[in-house]
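Undergrad: Starting off with a structure, shown below.
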Amino acid sequence: MNAALVSMVVPFFAAMLVLMWRPQQQSWLVIVASIVSLLAAMMALLSVIDSGPQSLNLGGWESPLAIRFQLMPVNALLIVTTAVIHLIVVCFAASSHHCQSIKQAFWPLALLLHGSLVALWLSMDLFNWYVTLELLGLAAVSLVTLAGHKALRAALDYLLLSLFASLTYLLGVVMLYGQYGTLDIALLATLTEADRVTQTALLLISAGLMLKAALWPLHLWLPAAHSSAPTPVSALLSALVVKAPLFILWLLWSRVAPSELAVPMGFWLALLGGGALMIGGWSACRTPHLKTLVAYSTVAQLGYGLLALGLLLHWQLNDLQAALWLFVVAHALAKTSMFLAAGEIQASTGKKRLNSLRGMTLTMPVALFAFAVAGGSLIGLPPSGGFIAKWLLIQPMLIEPAHWPWALLVIIATLLSAAYVFRVVSQGFRQSSVSATATEHGKSAQWLALLPAILVWLMALFSEPLLQLMDVFSA
Amino acid sequence: MMTDIQTILPVAIVLSSLIPGLLIFSLKESQHRLRITLNLAGVFSKLLLVGWMLHGVSQGQQFSFNITFLPGADLILQGDALSLQFVALSSVLWLATTIYAIGYLEGSAFRSRFFGYFSLCVSATVGLALAGNLVTFLVFYELLTLATFPLVVHRGTDAAIRAGKVYLAYTVSGGVLVLMGVALLHALAGTPDFIPGGYLSPLVDQHQAGLTLAFVLMVLGLGVKAALLPVHGWLPQAMVAPAPVSALLHAVAVVKAGAFGIIRLVYDVYGIETLSLLQLTEGLMILAAATIIYGSIRALQQTEIKKRLAYSTVSQVSYITLGVAMLGPIAAIGALVHLVHQGLMKITLFFCAGNFAETLNIHHIREMNGLGQRMPLTMAAFTIGALGMIGVPPIAGFISKWYLGLGALETGQSWILWVFVCSGLLNAAYFLPLLYRGWFAKPAVEWAAHPQAKRPASVWNETHWMLLWPTLFTALLAIVTGILAGSDFSPLAWAQLIVAREFAP
Numbered sequence: 002m003n004a005a006l007v008s009m010v011v012p013f014f015a016a017m018l019v020l021m022w023r024p025q026q027q028s029w030l031v032i033v034a035s036i037v038s039l040l041a042a043m044m045a046l047l048s049v050i051d052s053g054p055q056s057l058n059l060g061g062w063e064s065p066l067a068i069r070f071q072l073m074p075v076n077a078l079l080i081v082t083t084a085v086i087h088l089i090v091v092c093f094a095a096s097s098h099h100c101q102s103i104k105q106a107f108w109p110l111a112l113l114l115h116g117s118l119v120a121l122w123l124s125m126d127l128f129n130w131y132v133t134l135e136l137l138g139l140a141a142v143s144l145v146t147l148a149g150h151k152a153l154r155a156a157l158d159y160l161l162l163s164l165f166a167s168l169t170y171l172l173g174v175v176m177l178y179g180q181y182g183t184l185d186i187a188l189l190a191t192l193t194e195a196d197r198v199t200q201t202a203l204l205l206i207s208a209g210l211m212l213k214a215a216l217w218p219l220h221l222w223l224p225a226a227h228s229s230a231p232t233p234v235s236a237l238l239s240a241l242v243v244k245a246p247l248f249i250l251w252l253l254w255s256r257v258a259p260s261e262l263a264v265p266m267g268f269w270l271a272l273l274g275g276g277a278l279m280i281g282g283w284s285a286c287r288t289p290h291l292k293t294l295v296a297y298s299t300v301a302q303l304g305y306g307l308l309a310l311g312l313l314l315h316w317q318l319n320d321l322q323a324a325l326w327l328f329v330v331a332h333a334l335a336k337t338s339m340f341l342a343a344g345e346i347q348a349s350t351g352k353k354r355l356n357s358l359r360g361m362t363l364t365m366p367v368a369l370f371a372f373a374v375a376g377g378s379l380i381g382l383p384p385s386g387g388f389i390a391k392w393l394l395i396q397p398m399l400i401e402p403a404h405w406p407w408a409l410l411v412i413i414a415t416l417l418s419a420a421y422v423f424r425v426v427s428q429g430f431r432q433s434s435v436s437a438t439a440t441e442h443g444k445s446a447q448w449l450a451l452l453p454a455i456l457v458w459l460m461a462l463f464s465e466p467l468l469q470l471m472d473v474f475s476a
Numbered sequence: 004m005m006t007d008i009q010t011i012l013p014v015a016i017v018l019s020s021l022i023p024g025l026l027i028f029s030l031k032e033s034q035h036r037l038r039i040t041l042n043l044a045g046v047f048s049k050l051l052l053v054g055w056m057l058h059g060v061s062q063g064q065q066f067s068f069n070i071t072f073l074p075g076a077d078l079i080l081q082g083d084a085l086s087l088q089f090v091a092l093s094s095v096l097w098l099a100t101t102i103y104a105i106g107y108l109e110g111s112a113f114r115s116r117f118f119g120y121f122s123l124c125v126s127a128t129v130g131l132a133l134a135g136n137l138v139t140f141l142v143f144y145e146l147l148t149l150a151t152f153p154l155v156v157h158r159g160t161d162a163a164i165r166a167g168k169v170y171l172a173y174t175v176s177g178g179v180l181v182l183m184g185v186a187l188l189h190a191l192a193g194t195p196d197f198i199p200g201g202y203l204s205p206l207v208d209q210h211q212a213g214l215t216l217a218f219v220l221m222v223l224g225l226g227v228k229a230a231l232l233p234v235h236g237w238l239p240q241a242m243v244a245p246a247p248v249s250a251l252l253h254a255v256a257v258v259k260a261g262a263f264g265i266i267r268l269v270y271d272v273y274g275i276e277t278l279s280l281l282q283l284t285e286g287l288m289i290l291a292a293a294t295i296i297y298g299s300i301r302a303l304q305q306t307e308i309k310k311r312l313a314y315s316t317v318s319q320v321s322y323i324t325l326g327v328a329m330l331g332p333i334a335a336i337g338a339l340v341h342l343v344h345q346g347l348m349k350i351t352l353f354f355c356a357g358n359f360a361e362t363l364n365i366h367h368i369r370e371m372n373g374l375g376q377r378m379p380l381t382m383a384a385f386t387i388g389a390l391g392m393i394g395v396p397p398i399a400g401f402i403s404k405w406y407l408g409l410g411a412l413e414t415g416q417s418w419i420l421w422v423f424v425c426s427g428l429l430n431a432a433y434f435l436p437l438l439y440r441g442w443f444a445k446p447a448v449e450w451a452a453h454p455q456a457k458r459p460a461s462v463w464n465e466t467h468w469m470l471l472w473p474t475l476f477t478a479l480l481a482i483v484t485g486i487l488a489g490s491d492f493s494p495l496a497w498a499q500l501i502v503a504r505e506f507a508p
């Protein structure tokens, strides 16, 4: 538990340090902080594996009053993922040539984002989540604005929708508090009944969360915001920030909601997930711009998460938790890779359009390879993390002939994702009219973009311990 | 000590092409010698290892390696008689094709990329052959798709990119179907190792719908690579790839991967008993027979040499599927031996087509007039391949057709004989005119006056030696395997060994 707290506090502390001290080389301080946070996160994960879930009441107060932090296998895994991705992204931001112009404000904001994410993963009550969601939202919006004028519009939309979502969320929370007098998840879980108020409150909270997570059909703000942000920011937003509301949604419906409400809701969530997969995938196949394509792919891939969550609730099948969280982790890694690679390519050609990728296998082989490898995991090709998650998801679909239509949905989604990934890759193999040669500078940034893609394929080799981790949890 | 080798050998066979492949990616274009050294080191070490394993398996040893992967489905590489039939074929042909490709691509761009992916393809093919269960098979099957794509689009022209997209559309869709089939079977029965006679018979009563759906999904999915009828469309398009790619991958490795998958599915997953209970092979037989006839007719309509060969592949690979679907032991021998024989003959034909194109820029059949005067050796190899395809003894193709025909009689499916007769006639109709043109027709321009043609100093110099020798080597193999089919070391003898083990009670 202490290690997890360290992993949360170090980024906050470093952010303050950067703001007050204003050192010349901020990037080094941030990288060191990220490394410390990662090490602490790993220790937290090990301690969960050793001694099971742990909780901590801040300030020593007892349950209804206390702010409770809890460390479980799932959020330990998420803390590690967060730290890994943050470390890679800040290293990328420090080493990429094209990020030199990034404003100094990036570093403290990125740290703030990191700290609030870890705080959110650890929290176990509805109000704490509200606070961390707000922090996260503000940090995210500020990070988007760093791209300058052209991103202001998208950032403003993001801000307004995020505030609106927070208010909706808060309204639901107030209703629950009025009904049951507590905000702690564990306590609520024992109290809730399937009445009108509870249902309305849960639906309001869910609507707010779905808007924040850009879950279809509330996704319209995401492509603009994620594609216009600076490259490292796009990666953080797509890989991590949109997953936070999904985490709350999961705990809310699987713990707090009574099963009379969760079972029908699960069906609708799964259906929305299917919609996200179709519409997101289709849009990614149509858009002419590279980063927008990657952003739409996030919309689509979040659909897998929602589908897994929905079916988990609908069939009351805890096995699907493993599928859900492996999707989240695999997508986080793959999407980081994809955004960093896409951003690096876009920055070096100076063009947003897909057809500027001609001849990229020659000029930027590593970046294109990173994109392709990450894409392989998004498609769900074996042996990658995305494949493992998809495999776990389709097993319960296939065992009952009545569930086969869901599998059809997954088939179509897979084909769509293959279509948009190879749209990009095949452009790279096209002969370019200008005889460009490989640029030597920016090599390290390209390799950093490849790193998470390799990690996501390595996940397949470590699927057994990962699944055991999930089993510990669901048992 | 022996047990160690028995676990390591299957992995070593895969790695012997994977490691050189990965190293080649990191080489600069100019590191010509190092690249060739790595390639050849990979080729020969693989041949050595495969030879070792062949010896072991013929002595009855077991080779198996596994690591944990999915719940209830490990990654398993194992060497049994059936996998070695395919592994040995691909390793020997990899040797020929590597030398051919070095000669073919001399001086062109992107060679590191080409040879890197080429080695990855061979690794994926070999891995798929050695796979010990369906999940492992699936992993390598998908990797093969990914690794071949860069080779299809290698030239980077618009036509190549278009063909690449068609190729992917087919193979990725096929891959998804196979994935669904494998996952469905896993949901029903788990994923045990491949076992002669299959492991699904206890489920027939309870899960008839599931088993039927899984079979249809997987046959359709594997049928994409095996170029079965409704899903064969990628193969002729993929002919824009460089000649070595068409020769090894599209005539041998990729299509055989599909056919090999069907063999595994029928013999080692479902088992003959289960399939006859489910009555699923009738449809497969009809599909394969239709593909044989359809491919031959389409081949007849083509005017480009490579396209005609491609449709001929569509037709010939379905002989394997047909032989398997008949479910009889003699037909099985025919199918398994055809896996090798068709590979030897077809690769020879594609090498020849590549030689014509490279040396004299000849792509169309009408330009072949009088080629025998200018390139007698290549033309001779072409003749051997073509006559073999028609089924003229003593070339290898005769042996496989003989067994397939006997198998059809044995299983009482005499209508299949008519398919063979019909297809044989069509084969003759689309190959003999080429031979006639090559040997007997008068060239349009005198070869001495041909823009590309300096009259070679001797017969052996009709084209670059690295293009000529592999062609002659595979042509020779096609004859030798035919003549020596009765000996103990022929593909036929090995096929008989497989069938003896598969059909053992």
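These protein sequence lines map, in sequence, to chains A and B. Here our numbering is used: the first residue of the first sequence is 2, the next is one more, and so on. Here our numbering is used: the first residue of the second sequence is 4, the next is one more, and so on. Idealized CB from N, CA, C, for every residue including glycine. From a predicted model like this one, the values you see are computed outputs, not experimental measurements.
1. CA-CA distance, A:S235 and A:L47?
2. Which residue from A:N319, A:M361, A:T364, A:A296 puts its Cα closest to that of A:A335?
3. Could you check if A:R23 is buried or exposed, using at least 16 other CB atoms within 10 Å of its CB as the buried criterion?
4. So B:L390 and B:T484 are supposed to be a Cβ contact under 8 Å. How far apart are they, rounded?
5. By the criterion of Cβ-Cβ separation under 9 Å, what are the contact partners of B:F72 in chain A?
6. So what does DSSP say about A:F165, is it helix, strand or coil?
7. Could you compute how far the alpha carbon of B:S61 sits from the alpha carbon of A:L79?
8. Do you know offhand how far A:F268's Cα is from A:W283's?
9. Nearest CA to the CA of B:W468: which residue from B:V53, B:L51, B:I16, B:A99?
10. Would a check of beta-carbon distances place B:V142 closer than 8 Å to chain A?
11. Looking only at its chain, what residues have a beta carbon closer than 7 Å to the beta carbon of A:A4, apart from the 5 residues adjacent to it on each side?
12. Using a Cβ-Cβ cut-off of less than 7 Å, list which residues of the stretch 159-184 of chain B approach chain A; keep chain order.
13. Name the chain A residues whose beta carbon is nearer than 9 Å to that of B:R116?
14. According to DSSP, what are the bridge partners of B:E307?
15. Considering only residues of the stretch 129-194 of chain A, which uninterrupted alpha helix (DSSP H) runs meet the minimum length of 4 residues and lie entirely inside it, listed in chain order?
16. Quick check on A:S475 - is its C-beta less than 8 Å from some C-beta in chain B?
17. Which of the three DSSP states, helix, strand or coil, is assigned to B:D196?
18. Would you call the stretch 416-434 of chain B in contact with the stretch 384-402 of chain B, where contact means no fewer than 3 C-beta pairs closer than 8 Å?
19. Suppose contacts are defined by Cβ-Cβ distances below 8 Å. Is B:F68 in contact with B:L80 by that definition?
20. Relative to chain B, which residues along the stretch 407-422 of chain A have a C-beta separation below 7 Å, given in chain order?
21. What residue range does the beta strand (DSSP E) around B:G82 cover?
22. Secondary structure at A:D126, three-state DSSP: helix, strand or coil?
23. Within the continuous alpha helix (DSSP H) that includes B:N430, where are the two ends?
24. If you draw a straight line from the C-alpha of A:Q485 to the C-alpha of A:V33, how long is it?
25. Let me know if B:S417 comes out buried or exposed under the rule of 16 or more other beta-carbons within 10 Å of its beta-carbon.
26. What did DSSP end up calling A:L379 once you bin it into helix, strand or coil?
27. Please decide whether B:L187 counts as near chain A, where near means a Cβ-Cβ distance under 8 Å.
28. Along the stretch 396-407 of chain A, where does the CB come closer than 7 Å to a CB of chain B? Name the residues.
29. Classify A:M21: buried if its beta carbon has 16 or more other beta carbons within 10 angstroms, exposed otherwise.
30. Quick check on B:P233 - is its C-beta less than 8 Å from some C-beta in chain A?
31. Find the residues of chain A that neighbour B:E370, judging by a C-beta separation of less than 8 Å, and give them in chain order.
32. According to DSSP, simplified to helix, strand and coil, what is B:F263?
33. Between which two residues does the beta strand (DSSP E) carrying A:I68 extend?
34. Out of B:C124, B:V155, B:V156, which has the shortest C-alpha to C-alpha gap to B:F143?
35. How many Å lie between B:L85 and B:V424 at the Cα?
36. Can you tell me where the beta strand (DSSP E) with A:S239 in it begins and where it stops?
TA: Considering the structure as presented:
1. 30 Å
2. A:A296
3. Label assigned to A:R23: exposed.
4. Not confirmed; about 14 Å, so no contact.
5. Taking the beta carbon of B:F72 as reference, the chain A residues within 9 Å of it are P383, P384, I389, A461, L462, S464, E465, listed in sequence order.
6. helix
7. 51 Å
8. 23 Å
9. Check the Cα spacing between B:W468 and each of B:V53, B:L51, B:I16, B:A99: the tightest is with B:A99.
10. yes
11. A41, M44, A45, S48
12. From the stretch 159-184 of chain B, only G159, T160, I164, G167, K168, L171, V175, S176, V179, M183 have a Cβ closer than 7 Å to chain A.
13. Within chain A, T362, L363, P366 have C-beta atoms less than 9 Å from the C-beta of B:R116, given in sequence order.
14. Partner(s): B:H367.
15. 150-181, 186-192
16. With a pLDDT of 49 at A:S475, under the threshold of 50, the modelled position of that residue is not reliable, and the figure given next carries that caveat. Chain B contact via Cβ: absent.
17. coil
18. yes
19. yes
20. A408, I412, T415, L416, A419
21. 76-82
22. strand
23. 418-443
24. The requested residue 485 of chain A does not occur in the structure, where chain A is confined to residues 2 to 476.
25. exposed
26. helix
27. yes
28. Q396, L399, I400, P402
29. Classification of A:M21: exposed, given that the 10 Å Cβ count is below 16.
30. no
31. Within chain A, no residue comes near B:E370; the closest Cβ sits about 27 Å away, beyond 8 Å.
32. helix
33. 68-72
34. B:C124
35. 28 Å
36. Per DSSP, A:S239 belongs to no beta strand (DSSP E) and is neither H nor E.
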